[in-house]
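Taken in order, the sequence shown gives residues 20 to 394; the numbers are from the working numbering. Notes follow once the structure below has been shown.
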Amino acid sequence: MNTNFLSPLARRLSVLTAAALISVTSATGAASAGGTFLGRLHKVREIASTVPANGDVNPYGTAVVERDAGKLHRGNVLVSNFNNSQNQQGTGTTLVQVSPRGRTTLFAQIDPAHLPGPCPGGVGLTTALSILPGGWVVVGSLPTTDGTSDTAQAGCLLVLDSRGKVRETLAGGGINGPWDMTATSHGDRTDLFVTNVLNGTVAGGGDEVDRGTVLRIRLKRYDDRPPQRLRTTTIGSGFAQKTDPAALVIGPTGVGLAKDGSLYVADTVKNRINVIPRAATRDSSAGTGKVVSSGGRLNGPLGLAIAPNGHILTVNSGDGFIVETTPAGRQVAFRQLDNSGSPPGAGALFGLAVDLDRDAVYFVDDATNFLNVLK
């Protein structure tokens, strides 16, 4: 989201103030947090800026590196940037890698003019970011030419090797504005679960269009060659989506796969969390699935991750809070991670990921262009 309306110093001071509010919130809003995942986490710490040398801003995707491979180092966090240095949405081309101690390196800077395959519209890296076995990185692109929704195009999924080189593009076949993604791998097979937010959205001109989808894209890996697309199945459809001047587009965002094969989806426009059952095996669309939780502490949920206890973590676009919800729909804990801007915390949060030790949550803050951790 395009939220850089405060000076860098003011934004950082405001976020640091939000960190101090964690203890206050935990004593009130999360009074029932005993036994919850968030109940054990009390402090926000800034790790490092996500702005690379070319000036890209608006960090979106967040993925933890599980194994060393090429330039990727176990325990580090990979982050994708959505905006360029002029803060135009849908024009960011960089992936940065951040160590837990704050060392930031450029993993990739993608040249839209030199791609190995089609990517309609070019490159604007989204929250759709996953790291596969072998160090293959898949990242979504929802590009614009000028930062506005009028010029948004279908984009693609970009497949990079562990050295940061784009080796393949996945386009068409239902991929239309890939917005977020999660993945699961078994042997040489990987399933990508991808939300798409551009099916008729631009033509809607700001009106709600209920055509957002969730795709399951099955890949197969062959030695050192890029993984190949075997088939694509639409497992979710009919999600609300619309263009927005501040956010470019709003639609189904965060996705998280539970151990039982249920896929949780942050249905942002409807302010709720839905679940698609049997996501890994179903051969037809579940529509928008079943509503797990709506309203309450949810306020435009965006990024989503599954906590170690099986609960659902989401971050709000409207107020800078992270919310923990049980699979039964109970909102059991919440914390404010950012209170900058007006209204406080609006537009600051997007991607998040649980760390390898399963005792902290990394999240990007678009108000400061930093990677932070809640410990």
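Glycine included, C-beta positions come from ideal geometry on N, C-alpha and C. Predicted model, so just to flag it, every value in this text is computed and none were measured.
Between the alpha carbons of Leu323 and Asp242 lies a distance of about 32 Å. Taken through DSSP and simplified to helix, strand or coil, Arg59 comes out as helix. Taking 3 residues as the shortest admissible run, the region 248-324 contains the following complete beta strand (DSSP E) segments, listed from N- to C-terminal end: 267-269, 271-276, 282-286, 291-295, 309-313. Under the DSSP assignment, Gln128 falls in the beta strand (DSSP E) whose first and last residues are 123-128.
In this structure the region 163-176 lies against the region 252-271, because at least three pairs of beta carbons, one per stretch, are closer than 8 Å.
Between the region 154-165 and the region 180-198, the count of C-beta pairs closer than 8 Å reaches three or more; the two stretches touch. Leu60 places its beta carbon 9 Å or farther from that of Gly80. Separation of Leu148 and Lys90 (C-alpha to C-alpha, rounded to the nearest whole angstrom) is 16 Å. Assignment of beta-bridge partners to Gln350 by DSSP yields Thr344.
Secondary structure at Ser168: helix, using DSSP grouped into helix, strand and coil.
Its chain contains Asn195, Gly196, Val228, Arg230, Gly231, Thr232, Gln260 as the residues whose beta carbon lies nearer than 8 Å to that of Asn218, once the 5 sequence neighbours on both sides are disregarded; these appear in chain order. In the assembly as shown, Gly191 is an exposed residue. Its beta-carbon has fewer than 16 other beta-carbons within 10 Å. The beta carbon of Pro327 sits closer than 6 Å to the beta carbons of Arg377 from its chain, once the five residues preceding and following it are set aside; these are given in chain order.
When C-alpha distances from Ile129 are compared across Ser204, Val310, Val142, Leu57, the shortest belongs to Val142. Beyond the five residues adjoining it in sequence on each side, Leu238 comes within less than 8 Å, by CB distance, of Leu151, Arg208, Thr209, Asp210, Leu211, Pro246, Gln247, Arg248, Leu249 in the same chain, given in chain order. A contact between stretches requires three or more CB pairs, one per stretch, nearer than 8 Å, and the region 380-393 fails this requirement with the region 280-299.
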